[in-house]
Amino acid sequence: MTPVRITRARRWDAPALARILWDFGDEAAWLPRVRSKTEEAALVRRLVRRGWVSVARRRGRVVGFIAAGEGEIHALYLLPDARGQGIGQTLVAHAQAREPKLGLWAHAANHPARRFYAAAGFRPVAVGAANDERLTEIRFEWESAA
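Each residue of the sequence shown is one higher than the one before, counting from 1002 in the working numbering.
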């Protein structure tokens, strides 16, 4: 398996990142659409401008990304053919190396994400639904042992 390279996202990466995010919405039947493609692309551009986005590349191709800043993981998405290969773990470890504490909200219906974050050392600490989709979410938090 070709290793991935993690780099800081650049503005020209935004269309590929927005496509990954939009395509996840197509896969997740439980997730209602609350933003248009244009709005999702604008969201990704804002995250990139803030310097919060790191990109996983394999052979130069964007295969996933994480948006993490101010102690929060705001997004973590991979192409379907990149899942189950440790790329998500690499992206989370990249964020964990830069922050002593991280938190995130995962939709309760997203069982694979919940299992993934628990395996990455995050623990569930709260339940809520203060999101655009108005779906139940679980708050996960992680703290460095150092």
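Just so it is clear, CB atoms sit at the ideal spot from N, CA and C, and this is done for glycine as well.
Query                                                                                      : Result
Exposed unless 16 or more other CB atoms sit within 10 angstroms - verdict on residue 1045 : buried
Residue 1073 at chain C interface by Cβ criterion, 8 Å                                     : Of the chains in the structure shown, none is chain C; there is only one protein chain.
Contact set for residue 1042: own chain, Cβ-Cβ below 6 Å, skip 5 residues either direction : 1019
C-beta atoms of residue 1120 and residue 1138 nearer than 8 Å                              : no
Selected residue, minimal CA-CA separation from residue 1134, among 1003, 1054, 1031, 1081 : 1031
Span separating the alpha-carbon of residue 1074 from that of residue 1105                 : 5 Å
Residue 1065 vs residue 1079 beta-carbon contact at 8 Å                                    : yes
Cα-Cα separation, residue 1115 to residue 1053                                             : 22 Å
Simplified DSSP state of residue 1135, which is helix, strand or coil                      : coil
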